[in-house]
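Numbered per numbering that gives the first Met the number 0, the sequence shown spans residues 0 to 478. Even for Gly, the Cβ is constructed at its ideal location relative to N, Cα and C. Because the structure is a prediction, the values reported are computed rather than measured. What follows is one structure encoded as structure tokens, with my remarks underneath.
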Amino acid sequence: MTATASFKRQVDQSPRLDHTAAGRSSPSGQPEPTGGTDRASWRDRPAGQQPDWPDRDQLAAVTAELAGMPPLVFAGECDLLTERLAAVTRGEAFLLQGGDCAETFAGATAASVRAKLQTLLQMAVVLTYGASVPVVKIGRMAGQFAKPRSRATEVRDRIELPAYRGDAVNGLDFSAAARQPDPGRLLRAYHCSAVTLNLCRAFTTGGYADLHQVHAWNQDFVADSPAGQRYERLAGEIDRALSFMRACGADPQELRSVELYSSHEALLLDYEDALTRIDSRTGRAYDTSAHFLWIGERTRAADGAHVEFARTIGNPIGVKIGPGTTPADLLGLIGTLNPDREPGRLTLITRMGADRIREVLPPLVRAVAADCAPVAWVCDPMHGNTYEAPNGYKTRHFDDVLGELHGFFEVHRDLGTHPGGIHIEFTGDNVTECVGGSHDLAAGDLHQRYETACDPRLNRSQALDLAFTVADSYRDPAA
Ligand code: PEP
Ligand code: CO
């Protein structure tokens, strides 16, 4: 999934440190520093959003099996991503992170993964070329199988059942059998992650992501889409530039593959813990389920289990930051998650809502800047802008998504900080889940292809529209 350079750095992965034998505190009784070996400390903290597993013995058997499975990613790859995100922190690169709200087991197919990758690659090209900035690419892919929920149950026609918590926990069907949490699903989540990651690695290093294919990614899409046509023109310019370089005798290897990383919300701590391994180079723990893990808005409590778990792993970490966050909350999180102030270790993903971002983001940015804390600031313009359409569909308006992005750029430009990237939910298919965009999708169109298992996602054309707008705003603050 990453460039060959990262594989050269790949390290021997020692087996998981057995947390039952490792004890819950260090010999001194003091918390271990970041990446320390106190691997079970999170178990003493309150953990929100965990499933009510009916069979704890089955859960223990499943996590024991997962603990014996090969890592999905290597520590050296995670470190390389930290370096890339350090460049974002310094204002030298831009992060594009995106994919499904909730991946499904049924969606782990070559066609679906390819469509998402195509979209991500097209967006990345638009941003790299349009904004002339290196783009760090992270998929919300190969592990995004668990969801936090606002309500523990769902009621339909006066029948109340456990809420759907992602394919790693239970089924989306509204039946008692499907909604029963099943630990066996954690194993399927692992295998589907492995399959997806394998496809991503093959697509991105096996020639498909070669920049000379810049037109091919657009082929099934260009005819009926204004965004696709605009992309086609840009691809033509890139083609001419590549021909010019070839004519000059330059054919750099960097253009032949793409460095892509995986990420998901580190929500199910039994799963994440079971996939955590000690890196034999450094003795540091890494969660090998993905390169980048984030903590959600609902589970970022300073004294909670999710923050404690993230503190003990060496992966680069993200935290979702909603409008209720105070400067003190933020400085507390920074102190806990990045006490050594390592650039690239911590990414703050703000999701404030289009109408609030200009009011709530500045005090947070000022507090972090005054503390000189190195963080990457990233905008999630989706989760603060979700609403229910009159016909009952959960949706987002494309104009609100752009509105929050404009607010994000404005605030950072005003304060002299770097607007470091975007975190979005999209799919490669032509779904009808978000309203607006260049096709001006209306609420009445939503029923046509509303396929998400959780939140409404941008379709391919909306995702490309968004990339063009972001490229314009990044390059030209007045745009
Ligand atoms: C998500 O990213 O799907 C999500 C649930 O986000 P948040 O934690 O910001 O609500
Ligand atoms: Co979501």
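Taking 7 Å as the cut-off, is the CB of residue i close to at least one heavy atom of ligand 3?
| i | result |
| --- | --- |
| P133 | Of the ligands this structure carries, namely ligand 1 and ligand 2, none is ligand 3. |
For residue i versus residue j, is the C-beta spacing smaller than 8 Å?
| i | j | result |
| --- | --- | --- |
| R139 | G75 | no |
| E424 | R459 | no |
| L336 | R297 | no |
| F144 | A167 | yes |
| S131 | R474 | yes |
| F93 | L126 | yes |
| A226 | D464 | yes |
| Y207 | N217 | no |
| P342 | R164 | no |
| L58 | D286 | no |
| E264 | G303 | no |
| E432 | L445 | yes |
| G317 | T275 | no |
Assuming residue i and residue j form a contact by the criterion Cβ under 8 Å, report the distance between their Cβ atoms to the nearest whole angstrom.
| i | j | result |
| --- | --- | --- |
| A462 | T118 | 5 Å |
| L95 | L196 | Contact doesn't hold; Cβ gap of about 18 Å is too wide. |
| I356 | F407 | 6 Å |
| L360 | S472 | Actually they do not touch by this definition, with Cβ atoms about 15 Å apart. |
| C191 | F104 | 5 Å |
| D379 | R350 | 4 Å |
| L80 | P315 | 5 Å |
| L254 | L210 | 4 Å |
| H422 | V377 | 5 Å |
| V87 | G419 | 5 Å |
In terms of residue numbering, what span does the alpha helix (DSSP H) encompassing residue i cover?
| i | result |
| --- | --- |
| V154 | From DSSP, V154 is part of no alpha helix (DSSP H) but of the beta strand (DSSP E) over 152–155. |
| R276 | Here R276 belongs to no alpha helix (DSSP H); instead the beta strand (DSSP E) covers 275–277. |
| E387 | Run containing E387: none in the alpha helix (DSSP H); it sits in the beta strand (DSSP E), 385–387. |
| Y473 | 459–474 |
Give the DSSP-derived three-state secondary structure of residue i in the structure shown.
| i | result |
| --- | --- |
| T346 | strand |
| H417 | coil |
| Y392 | coil |
| Q96 | strand |
| R38 | coil |
| H211 | helix |
| F220 | coil |
| H190 | helix |
| E424 | strand |
| A375 | strand |
| G170 | coil |
| D264 | Sequence check: residue 264 is Glu here, not Asp. DSSP places E264 in strand when its eight states are reduced to three. |
| A109 | helix |
| F202 | helix |
| I316 | strand |
| S25 | Low per-residue confidence applies at S25: pLDDT is 32, beneath 50, and the placement is therefore not dependable, though the value from the model is reported in the following sentence. Residue state, collapsed to three classes: coil. |
| G142 | coil |
| G502 | One cannot answer for residue 502 here, as it falls past the ends of the chain, which runs 0 to 478. |
| V434 | strand |
Kindly indicate the opening and closing residues of the beta strand (DSSP E) around residue i.
| i | result |
| --- | --- |
| P161 | 158–161 |
| D339 | Unbroken run through D339: none, as it is neither H nor E. |
| E82 | Run containing E82: none in the beta strand (DSSP E); it sits in the alpha helix (DSSP H), 74–88. |
| A509 | No answer is possible for residue 509: the residues shown for the chain start at 0 and end at 478. |
| L65 | Counting along the chain, L65 falls outside any beta strand (DSSP E), though it belongs to the alpha helix (DSSP H) covering 55–66. |
Under 8 Å between C-beta atoms, does residue i make it to chain D?
| i | result |
| --- | --- |
| P455 | No chain D is part of this structure, which consists of one protein chain only. |
- In chain order, what are the residues with a CB under 5 Å from some non-hydrogen atom of ligand 2? C100, D454
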